[in-house]
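Residue numbers for the sequence shown follow this note's numbering, so the first one is 14 and each next one is one higher. For each residue, glycine too, the CB sits at the ideal point set by N, CA and C. Everything on this sheet refers to the single structure shown next.
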Amino acid sequence: MKNKINRLVTSKNYLRLISFYHKFFGEKFRKEISVPKIFDSKIHRLNLINKIISDFQLKSYLEIGCDQDEVFSKVNIENKVGVDPVSGGNVRSTSDAFFKKNSDFFDLIFIDGLHEYSQVKKDIINSLKILNSKGIILIHDCMPLSYLDQAIPRGQRKWNGDVWKSIVELRARNDVFTCVGCFDQGIGMILKRKNDQVLKLSEDNNFIFKDLSYENYYQNFDKYLNLIDHNKFFELIKDYRIS
Ligand SMILES: C[S@@+](CC[C@H](N)C(=O)[O-])C[C@H]1O[C@@H](n2cnc3c(N)ncnc32)[C@H](O)[C@@H]1O
14 MKNKINRLVT SKNYLRLISF YHKFFGEKFR KEISVPKIFD SKIHRLNLIN KIISDFQLKS
74 YLEIGCDQDE VFSKVNIENK VGVDPVSGGN VRSTSDAFFK KNSDFFDLIF IDGLHEYSQV
134 KKDIINSLKI LNSKGIILIH DCMPLSYLDQ AIPRGQRKWN GDVWKSIVEL RARNDVFTCV
194 GCFDQGIGMI LKRKNDQVLK LSEDNNFIFK DLSYENYYQN FDKYLNLIDH NKFFELIKDY
254 RIS
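Rendered as C-alpha cells:
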C-alpha cells in the first residue's frame, strides 16, 4: 500500500498536476538561485559520510530514509540502523514509530526521510535525544535552488522539500550549532555545542518558521543556512571532537 502511494505521488502526471496547483495557488516569486561559487560538485553524501566515519573513528550510524540503499548499503561502520517505511535499510518503520521504541544511541545520524519541515523538525529533535557525546547529525536536501525544488506538496521529481526551514529554526537556537555544507544537495550539520553564530530573525518568541516564504529564502539563503565549504566542514568537526 505504502509502495503504491509512493509510486502515485511521484508519477509524472501527478507531479504535473501539483506543479499546476503551485502555478495558480503558490507563491508568485519564482527567481532561481545561481549555484553558489563555493559549491563543490565532486562531493557526494556517501563519500562524506564514510570520510567522517573513518577520520573520527565513529562506531554507530543511523539513517532515516534509505530508499534504494544507495548510501546505507555502502556505509562502512560496525553498527548501522536504517529506517524506512517503504524500502531499504533494516527497520521497516516510519521515523516516528522508530524513535518511540528505540533505546540505542548513535555517533552519526543522517536524516533523509520525509522532506517536509514538520517531519524534519521532529526527526531532528528525536535525533538530538539519542546522539552520543560529540556525535554528529547530518541532514540531506538543505539547499533548494528554485521555488519548485522546495514547494509543498511535491511538484517535481528533483525535490528537496522545505527542509531549509528547519535549518533556519535551528540556527536561531543557542544550544546547537548548525551549518550547511555547500555540496551534494546541501548537507546540513548539527553539532551539540553552544551556537556562537545565533541567527536573529525576530524578537518574537512565537515566530512561525514554517511561514517563511521562498522569497525570504532567496534573499537570505546564504545567511539563513550558514553555508560553508568542505574544508571548513571538516575543520568544524575536528574542533568539536577535540574540545
Ligand atoms: C530521498 S529518499 C532517501 C535516500 C537515501 N537516504 C539516499 O541517500 O540514497 C527518502 C526516503 O524517505 C522515506 N520516508 C518517507 N517518509 C518517511 C518517514 N516518515 N520516516 C522515515 N522514512 C521516510 C521514503 O520512503 C524514501 O525512501
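Residue i - containing alpha helix (DSSP H), residue span
{"i": "Lys25", "result": "Lys25 to Phe38"}
{"i": "Glu76", "result": "Per DSSP, Glu76 belongs to no alpha helix (DSSP H); it is in the beta strand (DSSP E), Ser73 to Ile77."}
{"i": "Val22", "result": "Lys15 to Val22"}
{"i": "Ile138", "result": "Tyr130 to Lys142"}
{"i": "Leu257", "result": "There is no way to answer for residue 257, as the model of the chain reaches only from 14 to 256."}
{"i": "Arg254", "result": "His243 to Ile255"}
{"i": "Ala110", "result": "Ser108 to Lys114"}
{"i": "Gln210", "result": "Per DSSP, Gln210 belongs to no alpha helix (DSSP H) and is neither H nor E."}
{"i": "Leu161", "result": "Tyr160 to Gln163"}
Whole-angstrom distance between residue j and residue i, CA atom to CA atom
{"i": "Ile31", "j": "Lys205", "result": "38 Å"}
{"i": "Gly95", "j": "Cys155", "result": "20 Å"}
{"i": "Ile143", "j": "Ile137", "result": "10 Å"}
{"i": "Pro98", "j": "Ser106", "result": "4 Å"}
{"i": "Glu228", "j": "Arg43", "result": "8 Å"}
{"i": "Lys135", "j": "Val176", "result": "11 Å"}
{"i": "Tyr230", "j": "Tyr237", "result": "7 Å"}
{"i": "Ile221", "j": "Val193", "result": "21 Å"}
{"i": "Leu214", "j": "Ala185", "result": "7 Å"}
{"i": "Ile180", "j": "Gly174", "result": "12 Å"}
{"i": "Ile122", "j": "Asn187", "result": "21 Å"}
{"i": "Arg29", "j": "Phe247", "result": "40 Å"}
{"i": "Ile46", "j": "Gln198", "result": "13 Å"}
{"i": "Leu212", "j": "Asn219", "result": "15 Å"}
{"i": "Ile82", "j": "His35", "result": "The sequence as given places Asp at residue 82; Ile does not occur at that position. Straight-line Cα distance between these residues: approximately 31 Å."}
{"i": "Thr23", "j": "Ser131", "result": "20 Å"}
{"i": "Leu151", "j": "Ser108", "result": "15 Å"}
{"i": "Gly168", "j": "Leu161", "result": "6 Å"}
{"i": "Gly101", "j": "Ile51", "result": "32 Å"}
{"i": "His251", "j": "Phe69", "result": "Looking at the sequence provided, one finds Lys at residue 251 rather than His. C-alpha separation (whole angstroms): 8 Å."}
Enclosing beta strand (DSSP E) for residue i [first to last residue]
{"i": "Phe123", "result": "Phe119 to Ile124"}
{"i": "Lys93", "result": "Asn92 to Val96"}
{"i": "Ile200", "result": "Ile200 to Leu204"}
{"i": "Asn218", "result": "Looking at the DSSP string, Asn218 is not in any beta strand (DSSP E), and its letter there is neither H nor E."}
{"i": "Asp225", "result": "A quick correction: the sequence has Leu, not Asp, at residue 225. Where Leu225 is concerned, there is no enclosing beta strand (DSSP E), given that its DSSP letter is neither H nor E."}
Residue i classed as buried or exposed, judged by whether at least 16 other C-beta atoms fall within 10 angstroms
{"i": "Gln210", "result": "exposed"}
{"i": "Ala110", "result": "exposed"}
{"i": "Glu182", "result": "buried"}
{"i": "Gln104", "result": "The amino acid at residue 104 is misidentified as Gln; the sequence shows Val. Looking at its Cβ environment, which holds 16 or more other Cβ atoms inside 10 Å, Val104 is buried."}
{"i": "Glu40", "result": "exposed"}
{"i": "Ser140", "result": "buried"}
{"i": "Val133", "result": "buried"}
{"i": "Glu76", "result": "buried"}
{"i": "Val84", "result": "buried"}
{"i": "Arg20", "result": "exposed"}
{"i": "Ile18", "result": "exposed"}
{"i": "Arg58", "result": "buried"}
{"i": "Phe190", "result": "buried"}
{"i": "Pro166", "result": "exposed"}
{"i": "Ile255", "result": "exposed"}
{"i": "Gln163", "result": "buried"}
{"i": "Phe234", "result": "buried"}
{"i": "Asn239", "result": "buried"}
Supposed contact pair residue j and residue i - C-beta distance, whole angstroms, cut 8 Å
{"i": "Lys178", "j": "Lys114", "result": "Lys178 to Lys114, Cβ: 28 Å. No contact."}
{"i": "His153", "j": "Ile200", "result": "6 Å"}
{"i": "Asp120", "j": "Leu71", "result": "4 Å"}
Residue ranges of each alpha helix (DSSP H) run of no fewer than 4 residues wholly in the region 174-201, ordered along the chain?
-> 176-184
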